[in-house]
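Have a look at the structure below before the remarks.
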Amino acid sequence: MEATYYATLGGFSIASGNLTFMLGDSGEYRAALGAQVSGFAALIANRSAEASASGRAVPGSPSSRSYSMAINGGPIANEVNMTFSGGSVASVRATELRSSNPDARIPVTAAHKQGVIDPLAAFVVTMGNPKDVLTPKVCNRTLRVFDGRVRYDLRLVYGAKTDIQGQPGSYSGPAIICAVNYRPIAGFRPLTPEQEKYERNIEFSITFVPVGTTGVMLPYRVNIGTPAGLLVVSASRFEVKGTRLGSTAGQGETAAAAPEAVASGAPLLRSNDNR
């Protein structure tokens with residue numbers, strides 16, 4: 141499955157990118173994402189990002205196996221590489237980012253790296269029963285995420301069921317909207333009372349759409365409130381192939397199923413200025 145997405149901030153285009161998501165018959169998956177700053181934002185910072193992840197789409201929450209991320213074009217390197225085993229981080233290598241007071245961060249302990257998933261996996265919903273993909277069960281859960289530097293929770297709560305009327309070539313059909321609460325756990329600098337109030341009241345929602353009859357749901361749209369305005373990341377093009385991981389079917393075979401959808405992963409998570 142391939143998707144093209146775009147991002148706007150306060151109504152202005154700021155980025156675009158492409159995602160490839162491959163799902164195997166036994167639930168294993170691989171995802172690769174590439175994004176590039178565009179529009180007016182490209183005049184300020186010419187940056188690009190790449191991320192990839194692999195894991196297994198088990199009921200309830202994906203199980204991460206590997207994750208890598210690199211942001212290019214900045215003043216210093218920004219890379220993260222992780223592997224996972226049994227739901228915990230087995231190895232992590234992340235470039236050290238400049239900070240005026242790194243010792244002020246809440247320390248990340250070994251316990252913080254257990255029972256977690258990577259940032260891309262946080263946007264993959266896996267339901268044991270395909271009939272549950274359009275129910276509140278999609279949302280009502282808490283995701284324990286570690287991005288290589290910061291450990292945080294994403295608490296999803298059911299918001300509403302809606303219908304998407306996409307343009308030709310994009311997704312049209314039912315969707316589920318989840319309200320999201322972001323809660324930093326470790327690896328960040330303590331927030332001021334004003335920042336904590338903002339964190340609690342920030343607008344953050346994800347609209348998920350089903351991927352055929354696989355029992356997997358992926359984001360179609362993400363809305364995040366920021367001090368500069370509303371950040372919206374929305375998928376605009378979908379192409380679904382019939383070949384799965386490990387299959388010997390022709391690479392050009394196209395699935396004759398209902399419209400499928402895939403959207404972006406890690407860069408949808410907003411950056412934390414308190415890292």
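Residue numbers (my numbering): 141 to 415.
All residues carry an ideal CB built from backbone N, CA and C; glycine is no exception.
Just so it is clear, the structure is predicted and the values come from calculations on it, not from any experiment.
Between ALA191 and MET162, the CB-CB gap reaches or exceeds 9 Å. Beta-bridge partners assigned by DSSP to PHE161: ALA171.
One thing to note: VAL373 has its Cβ no nearer than 9 Å to the Cβ of PHE344.
Taking C-alpha positions only, VAL351 is separated from ALA244 by approximately 43 Å.
The DSSP-derived three-state label of GLN335 is helix. Annotation for THR366: the continuous beta strand (DSSP E) segment containing it runs 356-366. Secondary structure of ALA251 (DSSP, three-state): helix. Our two residues, GLU219 and LEU237, have alpha carbons roughly 10 Å apart in a direct line.
Secondary structure note for MET222: its beta strand (DSSP E) is the uninterrupted segment 218-225.
DSSP places MET141 outside any beta strand (DSSP E), giving it a letter other than H or E. Distance between LEU331 and ASP165, taken at the CA atoms: about 44 Å.
When secondary structure is reduced to three states using DSSP, ALA234 falls in the strand class. Judged by their CB atoms, ALA262 and LEU294 are nearer to each other than the 9 Å cut-off. Under DSSP, CYS318 takes part in a beta bridge, and its partners are TYR298 and ILE346.
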